[in-house]
Every structure is written in C-alpha cells, then in structure tokens.
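Read through the structure below, which is laid out as structure tokens, and then see the notes.
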Amino acid sequence: MDEERKTDSGIEIHPVYDEKTLEDWDPGNELGPPGGYPFTRGIYPSMYRGRIWRIRQYSGFGTAEKTNERFKFLLDRGQTGLSVAFDLPTQMGYDSDHPRAEGEVGGTGVAISSLADMEILFDGIPLDEVSTSMTINATAAILLLLYELAAEKQGVPADRISGTVQNDILKEYAARGTYIYPPKASMRVITDLFEYCRTRVPKWNTISISGYHMREAGCTAVQEVAFTLANAIAYVQAALDAGLKVDEFAPRLSFFFACHMNFFEEVAKFRAARRMWARLMKERFGATDEKSQLLRFHTQTGGATLTAQQPENNVVRTAYEALAAVLGGTQSLHTNSFDEALSLPTEKAAKVALRTQQVLGYETGITETADPLGGSWFVESLTNEIEARAEDLIERIDGMGGAVEAIEKGWMKREIEESAYLIQKAIEDGSRVIVGVNRYVEEEEVSEIYRQDPAIARTQVDRLRKVKAERDAKAVAAALNEVRGAATSTDNLLHPIRHALSVYATLGEVCDVMREAFGVYEPSESFR
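Here's what the structure looks like:
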C-alpha cells in the first residue's frame with residue numbers, strides 16, 4: 014500500500030488528481046481571469062509577456078563604498094532594481110561607533126550611520142531611474158528619509174523616487190528580533206510613515222509585509238500566508254485608526270514571501286495569498302480602488318534551504334525555487350547565491366544567482382502566458398486547501414484580538430518554533446531528504462568564500478567621527494530636540510527626523526531620542 018504523503022503544512026498529497034477532486038469547486042468564483050478579481054491567476058492580464066519580473070538582488074556588506082561597487086557590478090550585468098541589506102547595528106538603531114556595534118559593523122549588510130554614508134552608497138546611481146528596496150524595519154523611517162535626502166543631493170525630488178522599505182515590525186517580535194520600541198510605539202512610527210509618503214513620496218511602497226523571515230525561522234507555507242496576512246490586517250487597522258482612508262494608503266502596501274523547495278505547494282501558496290488579500294480588502298475593509306486589492310509581492314528564494322555541504326547544489330535548489338516563484342506570479346525576485354550558507358556572497362556566486370533569473374526569464378518560455386499552471390487539478394486543490402487552512406489560522410488570531418495581541422502573548426512565536434522543530438526532527442531521522450546532508454554525503458573541501466576585511470569597521474568608524482566633528486553641533490542639538498517634542502506629542506515624527514538627518518544627526522542619535530520617549534521593548538517570559 015502506498016504510504017501517505019504530506020506537504021510541510023500537513024496537506025495530504027493524493028497519488029493522482031482528477032475532476033472529482035474539485036467536484037464542488039466553482040472556478041468562476043475562485044479564479045477569474047489574470048488581472049481580474051480575485052486575482053488568483055495574477056494581478057496583471059498579461060503578466061510577464063510585456064516585461065519580466067523586476068530582478069532585484071539583495072546586496073550589502075561592509076562600507077557604503079564596497080556596497081556601491083557591488084550595486085554597480087550587478088546593474089552593469091542586467092539587474093533591474095536594487096535591494097539593500099543593512100548591518101545589525103543599523104537595523105537596531107546603533108551608530109557604528111557604539112559599544113554594542115563592536116564586531117558587527119558591516120557584517121550582515123552595509124553600515125549606515127548618517128547621510129554621509131547614504132550619499133556614498135548611491136554615488137553615481139541615478140535615483141530617479143533605479144527602484145530601491147530596503148530590508149529595514151525598526152529604523153525604516155530613518156533610512157527612507159536618508160534615501161530621500163541623498164536623492165535631493167542628486168537633484169532628484171521626492172516625488173520621482175520609487176522603491177520599498179520593509180517597515181514590518183510585527184514579524185520582528187515573532188521571528189527575527191530586530192525591534193527597538195514597544196509594539197504600539199512602533200505602529201505609530203509605521204503609520205506616520207504611511208501619512209508622510211502619501212503626500213511627499215507618492216511612488217514609494219510604504220511597507221513590505223514579510224512572511225519571509227517567519228518562513229526562514231521555521232513556519233510552514235500555510236502559516237506564512239496566515240501570519241503575514243494577519244499582520245497586514247493589523248497594519249491596515251492601525252492606519253484606519255490613525256485617520257487615514259483605506260484607498261489612500263492601501264495601493265502602496267506590498268508583500269515579501271519566501272519560496273522553499275516543495276514546488277507545487279509554493280506555487281499554490283502565492284495564488285491563495287493573492288486571492289485571500291483581494292477578498293480581505295474588499296469585504297473586510299471596504300476598499301473600492303482595485304489597486305488596494307492587489308497583493309503585489311517580492312520573493313526571495315530560501316536561505317534556510319541552502320546547505321554548507323556541497324554548496325554547488327544550491328544553484329539547483331535556487332533555480333527550482335525561482336521557477337516556483339515566477340509560476341506563482343511574483344512581481345520581483347531575489348535569487349540567493351550558492352555560497353550564502355558559508356559566508357556573504359562572492360562576486361562569482363552573485364553573478365551566477367543573477368544569471369539564474371535571466372536564464373529563467375529569457376530562455377524557458379514560461380513568460381509567454383499568464384498563470385501556466387492554472388486549472389491544474391493538483392495546483393487548484395492545493396490553492397484551495399492552503400486558503401482554507403490559512404483562513405482558519407487568521408480566525409484564531411482574530412479571536413485573540415488580532416496579530417499584535419497574538420504576538421505579545423507569544424502564541425505566534427511558539428507556533429513557528431513548533432513547526433521548525435518538526436522540520437529539523439524529520440531531517441535528523443532521515444524522513445526528509447536533504448541531498449548532501451543526510452543522503453549522498455561526500456567528504457569535500459570548503460570552496461572559495463568571501464572574507465571581510467577587518468579594516469572595514471575602522472574605516473566606517475573614522476568617517477562617522479569625522480562627520481560628528483565637522484557638523485554644526487548646535488543645529489543638531491536643536492533638531493534632535495524637535496524630534497523629542499514630536500515623539501512626546503501626536504505630531505508626525507518624520508518631518509522633524511528629516512530635518513535632523515539633513516543637518517547630519519546620526520541614526521543612533523535619533524533612535525536614542527525615541528528610546529527615551531517610547532522605551533525599549535522587553536519580551537515577556539511567556540514570549541521567551
């Protein structure tokens with residue numbers, strides 16, 4: 014007898030699918046055409062026929078100078094959008110010369126402490142021609158404003174820059190940990206950013222609600238959809254409570270998902286998420302603008318699926334994951350480099366990752382028709398099942414009072430940890446095969462890896478000290494006092510922060526003022 018097969022989400026996979034599998038299914042209600050509500054088959058009628066997805070490789074390491082070189086290397090080889098990785102001190106609101114930054118400066122991304130760094134990061138890159146995504150959360154408002162100011166130095170007005178800040182703090186409390194302030198204060202900064210961009214930076218995507226980091230932490234595909242959309246519901250409600258109208262801000266919301274190795278489940282996941290979001294916005298929040306109902310998303314191939322053993326196999330893994338993301342209808346894509354389980358990517362590995370997308374987009378023919386797997390009994394069944402299970406989880410979260418409450422109670426974190434445990438257990442007992450790790454294992458030498466120059470941190474700290482020595486100290490102190498006043502009132506924070514950054518107040522100084530006003534988040538024992 015054939016043994017039972019299940020996806021990571023626990024969905025049973027039948028030996029074969031046929032019309033009986035979907036006998037109660039109404040395709041007229043569930044599908045619609047590509048570009049038509051509820052957008053199961055894609056948010057645009059022709060999808061990639063006119064232009065392929067935006068190729069947006071995630072890059073950032075060491076100093077602004079080094080990262081600027083990598084940006085130009087990728088742009089010269091056909092990358093169509095920038096995606097910035099920041100180091101941990103920048104993510105946590107510390108300047109590069111802070112004691113807590115020691116040993117971390119430039120390690121997981123580029124170090125940005127002031128406008129001087131941001132100017133160098135984008136030197137020679139026309140910011141009215143390039144769309145930039147920034148994976149930054151607790152300090153997202155500061156990095157957006159630094160980007161706007163750097164563009165202004167180039168002569169590019171704010172209404173001509175485009176891109177995205179991740180700005181998704183809720184998943185940090187549940188899965189990643191780069192939070193600073195308590196949730197309510199963090200939500201205020203986020204909605205202030207929504208309001209600021211609505212009038213000043215209209216082409217900017219004000220949030221990229223991320224399932225990626227929760228998936229990397231161990232959640233299943235169903236949990237990724239449910240937790241991401243639950244967080245999105247919380248952001249929409251917070252914006253409405255702040256007095257914004259749904260169709261004023263919702264068209265600039267975007268999403269960020271992972272793509273892992275269970276190929277058909279991943280394709281179905283994207284289709285289910287798109288349909289669910291359209292219905293949530295239309296039926297729950299009353300959005301009438303079609304743009305408010307579109308789930309526009311960026312995808313990154315799995316970092317957790319990469320292996321340090323036989324790292325060349327990661328080229329194959331990444332290619333399959335990228336294929337699933339495209340068949341699922343992604344708007345932009347990052348393909349991981351094969352050596353990322355060992356170190357930051359070498360230039361060679363970054364180029365192979367870029368070429369993976371270009372081969373996929375221009376050689377395989379998958380861009381010639383929208384939603385090529387639509388109508389597959391298997392894919393449609395998985396799409397329906399993921400939607401049903403994700404809706405059940407959202408209903409549970411609603412019953413707790415919403416995503417913020419579910420996170421503060423530690424429930425979401427515990428769910429992710431339980432799923433991660435089950436996956437690791439299956440790897441260790443061999444029931445989940447990982448080639449090169451628990452099957453087809455070989456002795457091998459470590460391939461060439463990127464090694465960070467320790468002098469990079471000294472260079473960064475020296476520049477920061479020079480900025481602090483040469484700026485107008487009185488102007489900085491006055492500007493930071495304006496930030497303090499806004500933080501202790503209901504004024505929009507971004508306007509005084511922008512002024513402070515323009516006179517070369519640092520990221521850490523601005524965050525310290527906000528720490529004084531808001532406090533620092535300490536998870537409860539139940540959360541831990």
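Each position in the sequence shown, counted from 1, maps to that position plus 13 in the numbering used here.
We put the CB at the ideal spot given by N, CA and C, even for glycine.
Excluding the 5 residues flanking Leu373 on each side, which residues of the same chain have their C-beta closer than 8 angstroms to its C-beta? Ala332, Ala335, Leu336, Val339 and Ile379
Does DSSP put Ser356 in a helix, in a strand, or in coil? coil
Quick check on this structure: which residue in Phe283, Lys79 and Ala419 has the alpha carbon closest to the alpha carbon of Cys272? Residue Phe283 is the option with its Cα nearest to Cys272.
Can you tell me which of the three DSSP states His512 falls into? helix
Go ahead and label Gly119 buried or exposed: buried means 16 or more other beta carbons lie within 10 angstroms of its beta carbon, across all protein chains shown. buried
Under the rule that 16 or more other beta-carbon atoms within 10 Å means buried, what is Gln437, buried or exposed? exposed
Measuring CB to CB, does Gly231 end up less than 8 angstroms from Ile429? yes
Going straight from the alpha carbon of Thr219 to that of Asp442, what length do you get? 43 angstroms
Beta-carbon proximity of Ala124 to Gln473, cut-off 8 angstroms: Between Ala124 and Gln473, the CB-CB gap stays under 8 angstroms.
Jot down the residue ranges of each uninterrupted alpha helix (DSSP H) in the region 182–249, minimum 4 residues, whole runs only, in chain order. Restricting attention to alpha helix (DSSP H) runs no shorter than 4 residues, the region 182–249 encloses them at 196–213 and 225–230, ordered along the chain.
What do you reckon, are the CB atoms on Ser547 and Gln179 nearer than 8 angstroms? Missing from the structure shown is residue 547; the chain here goes from 14 to 541 and no further.
Going by C-alpha distance, which of Val417, Ala383 and Ile149 is nearest Leu101? Ile149
Determine contact between the region 103–114 and the region 472–492, defined as no fewer than three beta-carbon pairs at a distance below 8 angstroms. Counting Cβ pairs under 8 angstroms, three or more are found: they touch.
Indicate whether Val280 and Leu386 have their beta-carbon atoms separated by less than 8 angstroms. yes
Buried versus exposed call for Ser432 [16 or more other C-beta atoms within 10 Å across all chains shown]: buried
May I ask you to report which of helix, strand or coil DSSP gives Lys19? Three-state DSSP puts Lys19 in a strand.
What residue from Asn275, Arg90, Gly23 and Ser126 has the CA that sits closest to Cys524's CA? Ser126
Using a Cβ-Cβ cut-off of 6 angstroms (strictly less than) and excluding sequence neighbours within five positions of Met274, which residues of its own chain qualify? Thr318
Among residues of its own chain, excluding the 5 on either side of Val194, which ones have a beta-carbon nearer than 8 angstroms to its beta-carbon? Note that residue 194 is Tyr in the sequence shown, not Val. Excluding residues within five positions, the ones whose Cβ falls inside 8 angstroms are Ala151, Val202, Met527, Arg528, Phe531, Gly532, Val533 and Tyr534.
Does the distance from the C-beta atom of Leu257 to that of Glu208 stay below 8 angstroms? yes
Alpha helix (DSSP H) runs wholly inside the region 25–82, at least 4 long, in chain order: 40–43
Taking the alpha helix (DSSP H) that Ala416 belongs to, which residues open and close that run? Ala416 to Glu421
With a cut-off of 8 angstroms, do at least 3 Cβ pairs link the region 353–365 to the region 483–499? no
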